[in-house]
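Encoded as structure tokens, the structure appears first; notes follow it.
Number of protein chains: 4
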Amino acid sequence: MGVVGPLAVRGEYVDEDVYVPLATTEAALIASTNRGCSAIRAAGGARVRVEDVGMTRAPVFRTAGLEATRSFVHWIEERIDEIRRIAEATSRHLKLLDVRPKSFGTTVLLRFRFSSGDAMGMNMATIACDRIVREFIEPETGVECVALSGNYCVDKKPAAINFHEGRGKRIFAEVILEAAVLRRILKTTARALVEVQYRKNLLGSIAAGAQGFNAQFANLLAALFIATGQDPAHVVEGSLGITCIEAFGPEAVYASVYLPAVPIGAVGGGTELGTQREAMHMLGIEANAERPGMAALRLAEIFGATVLAGELSLMAAFTSQDLASAHEKLGRGHVPTEPRPGRG
Amino acid sequence: MGVVGPLAVRGEYVDEDVYVPLATTEAALIASTNRGCSAIRAAGGARVRVEDVGMTRAPVFRTAGLEATRSFVHWIEERIDEIRRIAEATSRHLKLLDVRPKSFGTTVLLRFRFSSGDAMGMNMATIACDRIVREFIEPETGVECVALSGNYCVDKKPAAINFHEGRGKRIFAEVILEAAVLRRILKTTARALVEVQYRKNLLGSIAAGAQGFNAQFANLLAALFIATGQDPAHVVEGSLGITCIEAFGPEAVYASVYLPAVPIGAVGGGTELGTQREAMHMLGIEANAERPGMAALRLAEIFGATVLAGELSLMAAFTSQDLASAHEKLGRGHVPTEPRPGRG
Amino acid sequence: MGVVGPLAVRGEYVDEDVYVPLATTEAALIASTNRGCSAIRAAGGARVRVEDVGMTRAPVFRTAGLEATRSFVHWIEERIDEIRRIAEATSRHLKLLDVRPKSFGTTVLLRFRFSSGDAMGMNMATIACDRIVREFIEPETGVECVALSGNYCVDKKPAAINFHEGRGKRIFAEVILEAAVLRRILKTTARALVEVQYRKNLLGSIAAGAQGFNAQFANLLAALFIATGQDPAHVVEGSLGITCIEAFGPEAVYASVYLPAVPIGAVGGGTELGTQREAMHMLGIEANAERPGMAALRLAEIFGATVLAGELSLMAAFTSQDLASAHEKLGRGHVPTEPRPGRG
Amino acid sequence: MGVVGPLAVRGEYVDEDVYVPLATTEAALIASTNRGCSAIRAAGGARVRVEDVGMTRAPVFRTAGLEATRSFVHWIEERIDEIRRIAEATSRHLKLLDVRPKSFGTTVLLRFRFSSGDAMGMNMATIACDRIVREFIEPETGVECVALSGNYCVDKKPAAINFHEGRGKRIFAEVILEAAVLRRILKTTARALVEVQYRKNLLGSIAAGAQGFNAQFANLLAALFIATGQDPAHVVEGSLGITCIEAFGPEAVYASVYLPAVPIGAVGGGTELGTQREAMHMLGIEANAERPGMAALRLAEIFGATVLAGELSLMAAFTSQDLASAHEKLGRGHVPTEPRPGRG
């Protein structure tokens, strides 16, 4: 467990310098992200904005065909208030935001979207859907729910619907880096950064048929998730997203990260374990019953700024071709053959 | 850290019953995967096959255009032996398997593919590419390498090229489950399983624009990766793949998992840490200098069978709608609001 | 120009048997689709449902970053009524349905969705967006529109957003084929059809990383589009979609086609040419000022049933491996080397 | 049917100025593409390169599982010479280039790739595969071919494998446009073009989850295909690809188009019809038995340059927001409501 920072977060909920725990066996990640934090600090901080998309669960149903589907979807729309009542009765932290149907042939998927306070919400959403389905939809309509999850949520598989609609928290972070900061801290130039961004995050990702257009969202999120008790498998959602680096004036750059689907929680699950609780404490994340959801939004803002820090430093490393050498220098002595996993 | 098993692995390298460590905060995952292990045991074991695709790294270059690109790619092809020599001089464990170019406009990506013995190989591949690029390709051709990774490798972003070409280990596991096993152990039927498979892993994933057609590869791989010291961010690659469940006779099923891109190592990186070393020992994974690569292949076979076990049990859980109730029963007492992350 | 039919269409707007013109150089397509029409006729007709998603155009804007984007999107939401007024003033047939923003970094895409009566609507939408942007958004906000189309519409490129959100007409068609019809007309069985569907439209498409899960939507739509004066390049949108064939009882099948994005018009563009006008007349498609949009919906229903007819016959042809032989028999004598383009 | 040109093609097979027929109801397309031709002419011509990827057909087989699949694939590899002999006996124009297997579970796809001389080759490939499968593979191995096309070819559906592996002809075209040409002919600047390219073809396409990163490949290809007797449904493959526009010095641009999958033929199919034969004659495309395949390569080069011309002009039109006004001015008088289909 390493710590990076101070990271200057300029969000709506977090407007301070924080120290961020990262759980990783890769010393180079800590050093590199720290360098990104320095650059962000020199730039006056990372602006961050987050949106609570909500946690989704999408049961899949089988109908007799188009007419039955039409009636079924209409029935769902007509009963939305009752459905909401049933869902929200399963937990005082749960709110049903909407239900979006997708149907074809004899298949109907209902993507339920819930806000879940400070919890990541997957369990809450599953329990709520189970209640809605077993106690209301199935008995009332006679339509069979084939599975409580129809892979349209989508949980832990990369998917366009998560990229487009979001899942969990949608996170934006940006910073403007002047020439002096680029040169002094990141050992790079605007021109070189923009070129790497173009060939790697845009053209290379396009050529690869990718759903992630970034250098290493997954590395930072994995380290953050493990440190704070998130579900590490949700790194899959977190790998979706777009890094942008654009010329800003003749020698500066505008840099941003966009992560549309980051399922995280400030309470529950692994967040309750000892080390993870301490990490949350270090981050100043504390659930407050009077402001439900605020802690998770604060956490999301910090995650966004941290991802930006890591992204900036790695992208800069590419411009000076020092990726391999950085890894060589920072390896752990006791690894004879494979010093550390590579990055990006 | 939990343990599942005995898991009957019938691979080419592992043909025994093993106990498998899973690092997770989700008790339900352990219980569920154990149930899958029971089913596999009753079925005589999981047949597993693995292929060493190799670790990839894809530097991106800028040329002056089509003619320059053509000459450059031709030059690479002509010098492949020298390139191989330079690469393989960086480590005695490294072999260059091939280089596949992709070009358009002024951009050339060279996807280098290496075998790396028992190591996951990302660092080795990066160092080798760095040497090839800085000491040979750039000076000899004058063509500029814009970045050592052009996002065409692809490391830790979901991408079609990884799905299609593979990365790390390509893993296949299968088993035939008779009616009695389905009923007694998984509490399900062939008919119900095939229906869930159709609506969820096939149609639901298709509707979602997914690159993963499975219930929870990512959950099992995250738990296995953390337990054995793999890079957790590589769960992104591991989430790609296809589960198939087909009727086999009137009441049995054929079930398989296909994971085209699983970057793992039996040595190096986090595998050298104390707890992870013990986990490897439990799995019987020991690098042998006389059989380089064997330990990683054995590990891959065990991973494949474990993923299959988890997949079977979760898919069966969906048929009896007991997903939510299982989570409710197995939650950890000290979690007030969000018992555990949901699954699948 | 060939003709298929009678095609028994059981839609909401078309509930009759129609003869359908297909413009193709491939005699096999006519014969095959006719066979599908026979099967549909014997089955009592194809049920069809259509939805008018509307025509989309998505200008792309550049802002200074997150704060500016937030203000801009908020401004758009606040001014939606004015925006609607300006858009609808450009044509009496145009209605603005909604505007959906997508933003990250310094980029904002606004996907405008319009209903356009009986016209396909691309020109109308472009002109309306041009008015909105140049006369209102840009002057009022100072935010620069970089391009009137940001490739987020998406016009004539395959894209997940078209698959998910739709574009033009969303079309569903289904039919149940009993064993006798399968055997007598399509020379196949339920079991064989379901197997081909599974291996080809589902697993094969998945393996290929496809966005179309069907045998030949594009062939039928190309022939229909050219016959009726649609824009042939819109076959790209039309190739998206899902064919489903499922066992229905022991020996029958339920078959459906789902086409989420079919941009078509009953008036305007090439529909006004002589031959195409006649084709529309054959189909009974006539714009009626008192029922704007009805003619296009009728056309969509006929298209859906025709695509279903072609799909059924081709899928059945695969089960008896007679694809190649059908092509060999129906070739045009004067083609020495390449009789006709292959299909599916 | 309109004509554009003179188009200065600087290919390996075509090194002259050609007049190109375009079949379209959209006068604006002709005018716009002509403008692109002017720009290319002023720039000294479009450099074009083409590769004959070959026509593909991918039968799908069902095995008993992993072991059976392994034996089957091995058998195919061992018998490749016999397979080649059988395939090539079906037509003197056909050569089998390779067979690439893809397997998982009980499914095996074999993507056969053939060169087919001057023909597009879909029929040839289908007939050859039919012979190989029915007379050799099935009887010899006992493995059942479920369908002659497993949707892994992929014919007429957008798919990553076509983007990555190619299909038919792979086409590259490029040109450098100096400031004077940009200003005088395209009424634009390097800076504006590069900005539109970035926000539209790169970021917009990325946001849309697209497989086409271009403005209007499909429009030009549709017009070219219909004019020359290609299969219009193959516009689906043609819509895949990447346009690049990059700063070249302070005021010029490098512009390129990359089309990885363009199935076309110089003989056969609709190319034999009267009007289409004339179009081929206008293009100087004539099959020569002593140089099989040359005519198709020449045609591909002309297509590439034409697509580039259309792309340049439309991208430039976006920079001056004149897309809507161009359409308004060039509409056909007799279209009351919907002048013409929109573009790009």
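Chains as they are written, first to last, in our numbering: chain A, 1 to 344; chain B, 1 to 344; chain C, 1 to 344; chain D, 1 to 344. All residues carry an ideal CB built from backbone N, CA and C; glycine is no exception. Note that this is a predicted model, so its numbers are computed, not measured.
Here Gly270 (chain B) has Gly229, Gln276 as same chain residues with Cβ atoms under 6 Å from its own Cβ, once five neighbours each way along the sequence are excluded. As computed with DSSP, Ile245 (chain C) is found in a beta bridge with C:Ala255. Under DSSP, Met280 (chain A) shares a beta bridge with no residue. Here Ala173 (chain A) is near Arg47 (chain A), since their CB atoms are less than 9 Å apart. Only exposed fits Ala289 (chain C), as fewer than 16 other CB atoms lie within 10 angstroms of its CB.
Put simply, the CB of Gly166 (chain A) is far from chain B, with every gap to its CB atoms at 9 Å or more. In the three-state DSSP reduction, Glu178 (chain A) falls in the coil class, being neither helix nor strand.
Annotation: Phe61 (chain B) to Ala87 (chain B) spans about 18 Å, alpha carbon to alpha carbon. Listed in chain order, the positions of the segment 288-317 of chain B with a beta carbon within less than 8 Å of a beta carbon of chain C would be empty, since no residue qualifies. Per DSSP, the unbroken alpha helix (DSSP H) holding Glu195 (chain B) starts and ends at 190-196.
For Asp155 (chain B), the closest Cβ of chain A is nearer than 9 Å. Using a 10 angstroms sphere on the CB of Glu16 (chain B), the tally of other CB atoms stays under 16, which defines it as exposed. Listed along chain B, the residues sitting closer than 7 Å to Thr107 (chain A) by beta-carbon distance are Arg199, Leu203. A Cβ of chain C is located within less than 9 Å of the beta carbon of Ile242 (chain B).
For Cys37 (chain D), the enclosing alpha helix (DSSP H) has its first and last residue at 27-42. Rounded to the nearest angstrom, the Cβ distance from Met122 (chain B) to Pro263 (chain B) is 7 Å, consistent with a contact under 8 Å. Bounds of the alpha helix (DSSP H) holding Glu140 (chain A) are 138-141. Counting only residues of its own chain and dropping the five nearest sequence neighbours on each side, Tyr258 (chain B) has a CB closer than 6 Å to the CB of Phe172, Gly241, Ile242. Neighbourhood of Phe172 (chain A) in chain D, by CB distance below 9 Å: empty, with the nearest CB roughly 14 Å away. The beta carbon of Ala192 (chain D) does not come within 9 Å of any beta carbon belonging to chain B, so the residue lies off that interface. Separation of Gly212 (chain B) and Gly54 (chain D) (C-alpha to C-alpha, rounded to the nearest whole angstrom) is 29 Å. Look at the beta carbons and you see the segment 248-257 of chain C not touching the segment 115-131 of chain A: under three pairs across the two are nearer than 8 Å.
For Glu165 (chain D), the three-state secondary structure derived from DSSP is helix. In this structure, Val9 (chain A) lies near Ala305 (chain A), with their beta-carbon atoms less than 9 Å apart.
Taking C-beta separations shorter than 7 Å and ignoring five residues to either side along the sequence, the partners of Ala247 (chain B) in its chain run Ala190, Val194, Val253, following chain order.
Inclusion of Val235 (chain A) and Ala222 (chain B) in the CB contact set at 9 Å is warranted, their separation being smaller than that value. Under the DSSP assignment, Ala68 (chain B) falls in the alpha helix (DSSP H) whose first and last residues are 66-78. Identification of chain D residues near Glu246 (chain B) by a Cβ-Cβ cut-off of 8 Å yields Gly105, Thr106, ordered along the chain. Using a Cβ-Cβ cut-off of 9 Å, Tyr152 (chain D) counts as an interface residue toward chain C, since at least one Cβ of chain C sits closer than that to its own. Neighbours of Lys187 (chain C) in chain D, taken as residues whose beta carbon is under 9 Å from its own, are absent, since the nearest beta carbon is some 15 Å off.
With distances taken between CA atoms, Ile127 (chain D) lies nearest to D:Thr90 out of D:Leu110, D:Thr90, D:Leu109. Residues of chain C whose Cβ lies closer than 8 Å to the Cβ of Gly269 (chain B) do not exist; the shortest such Cβ separation is about 30 Å. His281 (chain A) counts as exposed, since fewer than 16 other C-beta atoms from the protein chains shown sit within 10 angstroms of its C-beta. The straight-line gap separating the alpha-carbon atoms of Ala317 (chain C) and Glu135 (chain C) is approximately 56 Å. Here the alpha carbons of Ala23 (chain D) and Asp81 (chain C) stand approximately 41 Å from one another. Cα atoms of Leu283 (chain A) and Leu96 (chain A): separation of roughly 29 Å, rounded to the nearest angstrom.
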